[in-house]
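Take a look at the structure below.
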Amino acid sequence: MKFPNKSSAGEGSGGPPAHGRWYRDACAASFALELIGERWSMHVMRELMLGPRRFSDIRAALPGISAKVLTDRLTRLEELGVLARHMLPPPAASRVYGLTEWGYMAEPLMQELGRWSVRSPLHDPALPLTAVSAMLSLRTMIDPQRAAGLAARIGFALGDDRFMAELAEGSLAIRRADDLTGAQAIFRAAEAGAILPLFYGKRDPDEVAAATGLGIEGDRDLALRFAGIFALPPKIAPSGGGGGH
């Protein structure tokens, strides 16, 4: 596992230090924010959570980021030991960026942030959603009780992205998959957000299909049982502020 040293993390090289560059605070949570709290850093990490991507793939998934800023974030995260770059073997022979073992350890952090933030009434699910975000949300919002006793191999074809989700013994593994052969059912849509009304809104699948174009291929009953095992936490009650617990 690669960890930053003074040279690679900024000290002695003219760049910002790894710890103390913003807050001058020994708190580990403050250090975490200094590591990955810069604008777009967690988004870049999120897009790599299901496997390495090319620069162009990351840029396409995050249209709001400029090429310069993306280069800066990738460089910084590599210096910190969060990600690494390598060349794919021929015939691809292209450079990809992938999380290190330590980088992948941030997924539970992202999950807790997700569960915490969606409790706010201010969360807007109508905003754009990347395919990786949609898949990671399933790993975050799975209800273990609802998933108990269900086993399934479910494919997702969301725009140009393909994923295979495998549910067994209450555990959900998701990976990129060029070939969805072997999936018992496949959800297919032009945009990743199309699955939200069915998986989290619990709307009628025919209504969702008409509104979003979400299609279901293969074992429809199993697909709908699978969609039923995900749930968002309840919203917080509006408060006038003040007060303690």
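Residue numbers -1 to 243, in the numbering used here, belong to the letters of the sequence shown in order.
Here a beta-carbon is modelled for each residue, glycine too, at the ideal position from N, C-alpha and C.
Only a predicted model underlies this, so the values are computations on that prediction, with no experimental measurement involved.
To the nearest angstrom, how far is it from the Cα of residue i to the Cα of residue j?
i	j	result
M40	A209	31 angstroms
L78	G101	10 angstroms
E45	L222	27 angstroms
P126	R22	35 angstroms
L220	A150	8 angstroms
L107	R113	10 angstroms
R173	G49	8 angstroms
A229	S131	16 angstroms
P119	P236	8 angstroms
S115	G157	26 angstroms
P142	R51	30 angstroms
M43	R74	12 angstroms
P15	L68	20 angstroms
I56	H84	15 angstroms
F197	A207	13 angstroms
W20	M139	33 angstroms
D91	F53	Correcting the residue type first, residue 91 is Ala in the shown sequence and not Asp. The alpha-carbon atoms of A91 and F53 are separated by roughly 13 angstroms.
R218	P123	25 angstroms
P203	A225	10 angstroms
E164	E205	26 angstroms
G180	A24	50 angstroms
E110	I34	15 angstroms
DSSP has residue i in a bridge; who is on the other side?
i	result
G96	A82
E215	I184
M162	G153, R173
R51	Y95
I140	F228
If we call anything under 8 angstroms between Cβ atoms a contact, is residue i one with residue j?
i	j	result
A175	M162	yes
V94	L86	yes
L170	R137	yes
A188	G211	yes
P245	R186	There is no way to answer for residue 245, as the model of the chain reaches only from -1 to 243.
R71	E36	yes
R144	I234	no
A192	T128	no
By Cβ distance, which residues of its chain are closer than 6 angstroms to residue i, with the 5 residues on each side in sequence left out?
i	result
E215	I184
G213	R186
G18	none
Please work out which residues of its chain come closer than 7 angstroms, Cβ to Cβ, to residue i, disregarding the five sequence neighbours upstream and downstream, and give them in chain order.
i	result
A146	G168
E76	A82, R83
E9	Bear in mind that the predicted position of E9 carries a pLDDT of just 48, short of 50, making it too unreliable to give a figure here.
P89	none
Residues in the same chain with beta-carbon distance under 8 angstroms from residue i, minus the five sequence neighbours each way, listed in chain order, please.
i	result
E105	M47, L134, R137
P232	R117
K0	The pLDDT assigned to K0 is 48, lower than 50, so where the model puts this residue is not dependable; a value taken from the coordinates is nonetheless given after this. Result list for K0: G79, A82, T98, W100, in chain order.
A58	none
L60	W38, H41, V42, E45, L68, T128
H121	S115
L148	L165, R223, F224, I227
A155	L178, I184, F185, R186, A187
Less than 7 angstroms between the CB of residue i and some heavy atom of the ligand MG, yes or no?
i	result
L72	The ligand MG is not part of this structure, which contains no ligands at all.
Is there a C-beta anywhere in chain D that falls below 8 angstroms from the one on residue i?
i	result
W114	Given the protein chain composition of this structure (a single chain), no chain D is represented.
task: Spell out a yes or no on whether the region 54 to 67 and the region 23 to 32 are touching, meaning 3 or more CB-CB pairs, one atom from each, closer than 8 angstroms.
output: Verdict: no, contact absent.
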